[in-house]
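J.: One structure, pasted below without further comment.
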DNA sequence: GCTAAAATCATCCTAAAGTATGACGATAAC
DNA sequence: GTTATCGTCATACTTTAGGATGATTTTAGC
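Chains as they are written, first to last, in my numbering: chain A, 2 to 164; chain B, 2 to 164.
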């Protein structure tokens, strides 16, 4: 307890002792030489200078260092394996469907595509023009990140978006 | 508030107290010995006190703050999704395969077709010309009794000829 | 060695698929 | 009321797929 108090306030105690010693020294010097014959200004100036220095020293010693917290964001890429349930019984993967932002109409086109229908046949079945189906299919390829209808069907089946 | 002020400036307060005690000590010594001029001692003590404070203030205000840079590495886990198709219980329908009289090479073409490859890509993979693949695919369509590659894939999967 | 099926490749042509872009009305969200 | 999305349709163009036909070369069986 006593030792911990000393170690904790070592600076203060040392400063106190050193100041006491300095004052003694000054007293001694005052008596012996300076004060009697010399100007008071020098003495006071010396006091001011010394104690300013002491104050600075004390402040620097006791000042708590500021903590600069730098947060470095480190990306760790973890490969997450997604097992796709074998479609013995088809369960529509709504999560993946929504993630791909495929519209209802596009899904219809995709389903008919998977049955092997041509664009013209799909157009006839949905009572729209061939060009409309071409637009839908093009959009589908972009959303599914594929180049051909065969790939689109393959991926969509793999993702359980279609049967 | 008061307690936090005390804890924050404990060092300074302790220093003040210790200095006051020292001054008392000096007063006592002064009485014991030579000192005559009381006002001068008080004056010098005040000077010492004030300039110590000035030193502390100077140090705290003007000195560069000590900075401890704490680097915290924050790990962000980025999940990279890998789609895995599990091995479904595929049993090759050899009976149907033989009935349709599809050749080995044609089956290869059919399998690559089902993966969504174009005729050119299939040709490159099998190290044959595009025309060869066209011939194979044409023959396949006749044998499978379909009109398009998408239908061929659909039917072949349905007949368990391909996965 | 002959034969038949399989595999290869070609040419010419048509059909279908796919790309790019713009437009327009409806509908829902802000 | 403006913005955004969706669904629709169009034009113009390029690429790919597919059909018809014929030819050559391998390969395997008799």
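Glycine included, every Cβ here is placed at the ideal spot set by N, Cα and C.
Only a predicted model underlies this, so the values are computations on that prediction, with no experimental measurement involved.
1. Checking contacts by CB at 9 Å: is residue 152/B closer than that to chain A?
2. Per the contact definition of three or more C-beta pairs closer than 8 Å, is the segment 110–117 of chain B in contact with the segment 88–98 of chain B?
3. Answer with yes or no whether the minimum CB distance from residue 147/A to chain B is below 9 Å.
4. Return helix, strand or coil for residue 159/A, following the three-state DSSP convention.
5. Is residue 158/A closer than 9 Å to residue 164/A when the C-beta atoms are compared?
6. Please classify residue 139/A as buried or exposed, where buried requires at least 16 neighbouring CB atoms within 10 angstroms.
7. Give a yes or no on contact between the segment 99–106 of chain A and the segment 142–157 of chain A, applying the rule of three or more CB pairs nearer than 8 Å.
8. Per DSSP, what kind of secondary structure is residue 98/A in: helix, strand or coil?
9. For the alpha helix (DSSP H) containing residue 136/A, list its first residue and its last residue.
10. For the putative contact between residue 124/B and residue 141/B, defined by C-beta atoms under 8 Å, what is the C-beta separation to the nearest angstrom?
11. Output, in chain order, the set of chain A residues within a Cβ distance shorter than 9 Å of residue 155/B.
12. Less than 9 Å between the C-beta atoms of residue 108/A and residue 162/A, yes or no?
13. What does the Cβ neighbour count give for residue 96/A, buried or exposed, with the cut at 16 atoms within 10 Å?
T.: On the basis of the data shown:
1. yes
2. Contact between the segment 88–98 of chain B and the segment 110–117 of chain B is not established, with fewer than three Cβ pairs separated by less than 8 Å.
3. yes
4. helix
5. yes
6. exposed
7. yes
8. helix
9. Taken as a continuous stretch (DSSP letters only), the alpha helix (DSSP H) holding residue 136/A covers 131–145.
10. Rounded, the Cβ-Cβ distance is 15 Å, inconsistent with contact.
11. 115, 116, 117 and 154, listed in chain order.
12. yes
13. exposed
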